[in-house]
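Engineer:
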Amino acid sequence: MIRSVVRGFGAALPKRVVTNREMEDIVDTSDDWIVQRTGIRQRYIAGEGETTSSLGDAAARAALDNAGLTVADIDLIICATSTPDNTFPATAVKIQNMLGMSHGFAFDVQAVCTGFVYAVTTADAYIRGGLAKRVLVIGAETFSRILDWNDRTTCVLFGDGAGALILEGVESKGTTDDRGILAASLRSDGAHRDKLYVDGGPSSTGTVGKLRMEGREVFKHAVGMITDVIQAVFDSTGTTPDQLDWLVPHQANRRIIDASAKKLDIPPEKVVITVDLHGNTSAASIPLAIATAASDGRIKEGDLVMLEAMGGGFTWGAVLLRW
-7 MIRSVVRGFG
3 AALPKRVVTN
13 REMEDIVDTS
23 DDWIVQRTGI
33 RQRYIAGEGE
43 TTSSLGDAAA
53 RAALDNAGLT
63 VADIDLIICA
73 TSTPDNTFPA
83 TAVKIQNMLG
93 MSHGFAFDVQ
103 AVCTGFVYAV
113 TTADAYIRGG
123 LAKRVLVIGA
133 ETFSRILDWN
143 DRTTCVLFGD
153 GAGALILEGV
163 ESKGTTDDRG
173 ILAASLRSDG
183 AHRDKLYVDG
193 GPSSTGTVGK
203 LRMEGREVFK
213 HAVGMITDVI
223 QAVFDSTGTT
233 PDQLDWLVPH
243 QANRRIIDAS
253 AKKLDIPPEK
263 VVITVDLHGN
273 TSAASIPLAI
283 ATAASDGRIK
293 EGDLVMLEAM
303 GGGFTWGAVL
313 LRW
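Numbered per the numbering used here, the sequence shown spans residues -7 to 315.
1. Pair every Cβ in the region 230 to 244 with every Cβ in the region 268 to 281, then say whether three or more of these pairs are closer than 8 Å.
2. Using only CA atoms, which one of Thr73, Glu293, Ala64, Ala52 lies nearest to Arg137?
3. May I ask you to list the residues that DSSP assigns as paired with Arg290?
4. Which of the three DSSP states is assigned to Met205 in this structure?
5. Would you kindly work out how many angstroms separate the C-alpha atoms of Phe1 and Ile66, rounded to a whole number?
6. Any idea what DSSP makes of Trp321, helix, strand or coil?
7. Just to confirm the assignment: which complete alpha helix (DSSP H) runs, minimum length 4, are found wholly within the region 198 to 266?
8. Please name the residue in Gln235, Ile265, Ala3 whose C-alpha comes closest to that of Glu133.
9. Give me the Cα-Cα distance between Leu203 and Leu239, rounded to the nearest whole angstrom.
10. Taking Ser94 as part of the beta strand (DSSP E), name the residues at either end of that continuous run.
11. Answer with buried or exposed for Gly107, where buried requires no fewer than 16 other C-beta atoms within 10 angstroms of its C-beta.
12. Run the CB neighbour count on Leu56, radius 10 Å, all protein chains shown included, and call it buried at 16 or more, exposed below.
13. Using DSSP bridges, identify the partner residues of Cys71.
14. Give me whichever residues DSSP pairs with Met302 in a beta bridge.
15. May I ask you to list the residues that DSSP assigns as paired with Gly161?
16. So, helix, strand or coil for Asp116, using DSSP?
17. Determine contact between the region 23 to 35 and the region 115 to 125, defined as no fewer than three beta-carbon pairs at a distance below 8 Å.
18. Would you kindly report the start and end of the unbroken beta strand (DSSP E) that includes Val9?
19. Work out the CA separation of Thr114 and Val162 for me, nearest whole Å.
20. Can you give me the C-alpha to C-alpha distance between Gly271 and Ala301, rounded to a whole angstrom?
21. Counting beta carbon pairs with one atom in the region 6 to 15 and one in the region 164 to 177, are three or more of them shorter than 8 Å?
22. Return helix, strand or coil for Ser177, following the three-state DSSP convention.
23. Which partner residues of Tyr36 appear in the DSSP bridge assignment?
24. State buried or exposed for Asp186, treating a residue as buried only when at least 16 other CB atoms are found within 10 Å of its CB.
25. Counting along the chain, where does the alpha helix (DSSP H) carrying Val190 start and finish?
26. So Leu5 and Gly153 are supposed to be a Cβ contact under 8 Å. How far apart are they, rounded?
27. Check Val297 in the structure and name its three-state DSSP category.
28. In the structure shown, what three-state DSSP assignment does Gly48 receive?
29. Taking the DSSP output, what are the residues bridged to Leu313?
30. Could you name the residues that DSSP lists as bridge partners for Gly2?
31. Between Gln34 and Asp288, what straight-line distance do the alpha-carbon atoms span, to the nearest angstrom?
32. For Arg366, I'd like the list of residues in its chain whose CB is within less than 8 Å of its CB, leaving aside the five on either flank, ordered along the chain.
33. Quick check: Val221 and Ser177, are their CB atoms within less than 8 Å of each other?
34. So, under 8 Å CB-CB, Arg(-5) and Ser164 are touching, yes? Tell me the CB distance rounded to an integer number of Å.
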């Protein structure tokens, strides 16, 4: 069978780092409060000339360099984002043009913080269906542009950035020892939309809007939803938590990450944490964490890696792959 194998990875961050101490000058908060409740110590904020597409372009180029490939080798670009440069065209199409690529096709996926998990599984479907050989999957966000900087419960949580993976179809034996994507589980439930949403849009208000969140409600649902899809992936592959080398979760809140890992009996030393460095970068969160752990040598070829996320909508999902 065909497996979608990771050929390369890349990341990009804005120039400006904003620490918790700097946030104290913007809203009524403190470094201790932010760290205790979220684990975040700093975040990157896009400046003038830095956009979702420019960050996505930089992450894509880094992934191509890492893989030793060029844009000529790519058939499809999928960009997961909730903060596109424009309502249309898709940010993926803009990145395609920035890369100098005029062949193939490109489109965006919007599932908020679960966007990268959705995008990876979409790429896998195109590869296994024979419509693409190599897919550039990007998660890119500039959430700072949709934050209410007077709302201390949300503006301290989010940051900007981009990450990318290149997936390639490879003939495999069809066992869990194969490299590549082994299984996925995706869910959504629109009944929870009012718990995490943006209060604007082209069809409703004609404005971009600002992010709104009921933090306690999100936290209440997060651990159960996340662990359910992870367990579903374990069950579908016949694997167990003790076989896992790395859990790469969406980096939203350290307490959610810790509680989810504990519920699944995944030891802390197997969990990749970057929320302290980047804050919540939505769809960019998982590929940024992957790039961090793969660059420093933690994630190695042959490792069994679980990706998981939950986002506004609610959407949630998990992907199991062998690196």
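Even glycine gets a Cβ: it sits at the ideal position worked out from N, Cα and C.
Structural biologist: Short version:
1. yes
2. Thr73
3. Note: Arg290 sits in no beta bridge, so no partner.
4. strand
5. 14 Å
6. Residue 321 lies beyond the residue range present for the chain, which begins at -7 and ends at 315; the question has no answer from this structure.
7. 207 to 229, 246 to 255
8. Per the Cα distances, Ala3.
9. Their Cα atoms are separated by approximately 28 Å.
10. From DSSP, Ser94 is part of no beta strand (DSSP E); its letter is neither H nor E.
11. buried
12. Under this definition Leu56 is a buried residue.
13. Asp100, Ile130
14. Trp308.
15. Ser(-4)
16. helix
17. These segments do not touch.
18. 8 to 11
19. 16 Å
20. 14 Å
21. no
22. strand
23. Val9
24. exposed
25. Here Val190 belongs to no alpha helix (DSSP H); instead the beta strand (DSSP E) covers 188 to 190.
26. With 8 Å as the limit, Leu5 and Gly153 qualify as a contact, their Cβ atoms being about 5 Å apart.
27. strand
28. helix
29. BP columns for Leu313 point to Ile173, Val297.
30. According to DSSP, Gly2 bridges with Ala156.
31. 20 Å
32. As displayed, the chain neither begins before -7 nor continues past 315, which places residue 366 out of reach and without an answer.
33. yes
34. 4 Å
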